[in-house]
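Residue numbers (the numbering used here): 2 to 135.
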Ligand SMILES: [Zn+2]
């Protein structure tokens, strides 16, 4: 199993709230960008290592291995693991909130909310994401 999927499953096990069951998918840069083509996230794709698609029958969390590796390129494996856990927890909060962010404004608002939730529940992981660029 891809190590990112393994960390994602383990983060899911630590998430303290009940949510619809998500599936995890690791995509290459090309397909990841293609899936984001109608999303405001495409505007900042290099800072977007993951996103969640609220599908009718499930939640699909997509990770981009190239963007994750790029954002953590000077970091050790332990840091990369924490980074993946942090972005997964971030996406799990999106699933819990279930806000549809169709405009850039809504997307920003939804990001802010998730960020404060992550900080409240997992301050250590929130710090990992802040240290990258947000
Ligand atoms: Zn987000």
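Backbone N, C-alpha and C fix where the C-beta goes; we use that ideal spot for every residue, glycine too.
Note that the coordinates shown come from a computational prediction; the quantities given were computed from them, not determined experimentally.
- Ligand 1 has a heavy atom closer than 7 Å to the beta-carbon of residue 115.
- The way I'd put it, the stretch 35 to 44 does touch the stretch 102 to 116; three or more beta-carbon pairs between them come closer than 8 Å.
- From the listed residues 56, 68 and 25, the smallest Cα separation to residue 34 is found for 68.
- Relative to ligand 1, residue 95 has its C-beta within less than 7 Å of a heavy atom.
- Using a Cβ distance threshold of 8 Å, residue 23 and residue 82 do not count as a contacting pair.
- Per DSSP, reduced to three states, the secondary structure at residue 18 is coil, with no helix or strand assignment.
- Shortest gap from the CB of residue 91 to any heavy atom of ligand 1: under 7 Å.
- With a threshold of 7 Å, the Cβ atom of residue 112 counts as near ligand 1, since some heavy atom of the ligand is closer than that.
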